[in-house]
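Worksheet for the structure shown next.
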Amino acid sequence: MSSQRGNVSRTRAQKHKNRHVFKNDLHDKTPQQLRLNAMHVSTVCQRCKEQIEWKIKYKKYKPLTQAKICAHCKERSVKKAYHVVCRDCAIKANACAKCLKSATEVAIEEPQPTPREEQQLQSEMDRLVKSFSERKRRAFLRYMRKGKKQEKDGNEDEQLDEQQLESQEKAKRVAHTRDELLDKIKQLNLAGDGDEDEDDSDFDSDEDDNDSEFDSEEEEDDNSEEEPQKPATKAK
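Numbered per UniProt numbering, the sequence shown spans residues 1 to 236.
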């Protein structure tokens with residue numbers, strides 16, 4: 001670009017271009033980096049979430065060494081970097097924990113349950129499915145253990161290879177909410193045998209595909225053994 005006044009356009013192409021996608025854990029396999037890659041950013045708006053995820057992706061994220069003072073309750077309860085209020089205050093105010101915008105202005109990412117809340121939810125779900133049959137109980141436990149996928153942008157898939165996509169899909173699976181689990185329980189209560197089989201087929205489709213491939217290989221081996229060998233013709 002020329003320094004001439006008014007000349008702000010450049011004719012040549014970009015000199016340095018990235019041929020490979022940046023990998024933040026290529027030379028850093030520490031537990032802290034792996035924990036950051038698997039971290040679910042919550043209690044923030046979509047814009048703040050993208051900013052924090054960008055910092056994690058390009059190794060710009062600086063975790064806190066000690067808890068910060070919350071801007072609402074004035075206690076040292078902020079344990080996540082770039083947040084200005086703690087998790088409880090953000091949930092009570094129904095606002096973003098980083099930019100403090102209310103849920104009426106922006107969409108807030110749902111918070112992840114704490115270990116204590118997970119334990120309470122697990123005990124409650126066990127009590128509700130206690131009267132279920134073994135088939136329905138296993139279907140519900142698979143649904144609860146599998147979780148759900150997060151919404152992702154289509155542009156990210158074009159830049160990442162297959163291994164990174166698989167690792168991100170595993171990391172981005174989040175647990176179902178309490179309302180979703182209760183809806184599933186109602187669905188299993190109202191479902192008949194036919195609907196129940198359909199629910200089970202959704203979870204077992206991958207296993208059935210693997211079994212069918214294994215069976216096809218065995219059939220090919222059996223057919224090859226059963227075919228009689230043709231006698232060799234003698235040359236006249």
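Cβ atoms here follow ideal geometry from the backbone N, Cα and C, with glycine treated the same way. The structure displayed is predicted, hence computed values, not measured ones.
**Study point:** Exposure label - ILE69; buried when at least 16 CB within 10 Å
**Key:** exposed
Review point. What separation, rounded to the nearest whole angstrom, lies between the Cα atoms of ALA97 and ASN24?
Key: 26 Å
Exercise for review: Measure the Cβ-Cβ separation of CYS86 and CYS73 and say whether it is below 8 Å.
Suggested key: Going by C-beta atoms, CYS86 is nearer than 8 Å to CYS73.
Review point. Alpha helix (DSSP H) containing SER77: first to last residue?
Key: Here SER77 belongs to no alpha helix (DSSP H); instead the beta strand (DSSP E) covers 76-78.
Exercise for review: Below 6 Å CB to CB, which residues in the same chain sit around ARG76 once its five sequence neighbours on both sides are set aside?
Suggested key: Hits under 6 Å: ALA67, ILE69.
Check your understanding: What number of angstroms, rounded off, separates the C-alpha of THR114 from the C-alpha of SER42?
Key -> 12 Å
Check your understanding: Considering only C-alpha positions, which residue in the set MET125, TYR58, SER133 is nearest to VAL21?
Key -> The residue with the shortest Cα to Cα distance from VAL21 is TYR58.
Review point. Which runs of the alpha helix (DSSP H) spanning at least 4 residues fall entirely within the segment 58-127, listed in chain order?
Key: Counting only runs of 4 or more, we get 87-93.
Check your understanding: Roughly how many angstroms separate the alpha carbons of GLN46 and GLU105, rounded to a whole number?
Key -> Straight-line measurement puts the Cα of GLU105 at about 11 Å from the Cα of GLN46.
Check your understanding: DSSP puts CYS48 in a beta bridge; with which residues?
Key -> In the DSSP output, where bridge partners are listed per residue, CYS48 has none listed.
Review point. How should LEU64 be labelled, buried or exposed, when 16 other C-beta atoms within 10 angstroms of its C-beta is the threshold for buried?
Key: Classification of LEU64: exposed, given that the 10 Å Cβ count is below 16.
Review point. Between which two residues does the alpha helix (DSSP H) harbouring ASP179 extend?
Key: 178-190
Check your understanding: Is it buried or exposed for GLU109, if we count other Cβ within 10 angstroms and need 16 for buried?
Key -> Buried, because 16 or more other Cβ atoms sit within 10 Å of the Cβ of GLU109.
Review point. How long is the line joining the alpha carbons of LYS17 and CYS89, rounded to whole angstroms?
Key: Straight-line Cα distance between these residues: approximately 44 Å.
**Study point:** Under the three-state DSSP convention, the category GLN32 falls into
**Key:** helix
Check your understanding: Quick one: Cα of VAL44 to Cα of LYS101, how far?
Key -> 9 Å
**Study point:** Beta-carbon gap between LEU36 and ILE52 smaller than 8 Å
**Key:** LEU36 places its beta carbon 8 Å or farther from that of ILE52.
Practice item. Would you please state the rounded distance, in angstroms, between the beta carbons of LEU188 and LYS146? I believe it to be under 8 Å. Key: In this structure LEU188 does not touch LYS146 by the C-beta definition: roughly 15 Å separates them, more than the 8 Å allowed.
Practice item. Go ahead and pull the three-state DSSP assignment for LYS15. Key: In this structure, LYS15 counts as coil in the three-state DSSP scheme.
Review point. Considering PHE22, what are the terminal residues of the alpha helix (DSSP H) in which it resides?
Key: Premise fails: PHE22 is in no alpha helix (DSSP H) and is neither H nor E.
Review point. How would you label LEU181, buried or exposed, when you count the other beta carbons within 10 angstroms and need 16 or more for buried?
Key: In the assembly as shown, LEU181 is a buried residue. Its beta-carbon has 16 or more other beta-carbons within 10 Å.
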